[in-house]
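Q:
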Amino acid sequence: MSKSLMDTATFWEITKYLLQEEHGNNIRITITELDDMIDKTIRSAVHIAQMVSHEIKQREEGDNDKH
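Quick note on numbering: the sequence shown equals residues 1 to 67 in the UniProt record's numbering.
Now the structure itself:
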């Protein structure tokens with residue numbers, strides 16, 4: 001996982017903790033919904049990064065085969 005994705009995940013965990021401290025159970029549903037959205041976003045970003053990395057490797061291998 002890239003540093004920016006790890007930073008985002010860490011920042012979100014800290015934010016969740018602070019929101020729960022400040023608002024208690026009143027905000028739990030909102031936090032759960034946001035948590036799900038952020039999790040999906042991070043998973044999508046990781047998947048895209050893996051696909052791009054794979055594509056780059058294939059192109060490099062193709063370029064090496066031409067030489």
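Note that beta-carbon positions come from the ideal geometry of N, C-alpha and C, so glycine has one too.
Just to confirm, is the Cβ distance from residue 10 to residue 42 under 8 angstroms?
A: In this structure, residue 42 does not lie closer than 8 angstroms to residue 10 by Cβ.
Q: To the nearest angstrom, how far is it from the Cα of residue 36 to the Cα of residue 64?
A: C-alpha separation (whole angstroms): 42 angstroms.
Q: Give the range of the alpha helix (DSSP H) segment to which residue 24 is assigned.
A: Looking at the DSSP string, residue 24 is not in any alpha helix (DSSP H), and its letter there is neither H nor E.
Q: Could you name the residues of the same chain whose beta carbon sits closer than 7 angstroms to that of residue 13, not counting the 5 residues immediately before and after it, in chain order?
A: There are no such residues.
Q: Assuming residue 29 contacts residue 19 (C-beta within less than 8 angstroms), just tell me the rounded distance between them.
A: Not quite, the Cβ-Cβ distance comes to about 12 angstroms (not below 8 angstroms), so this is no contact.
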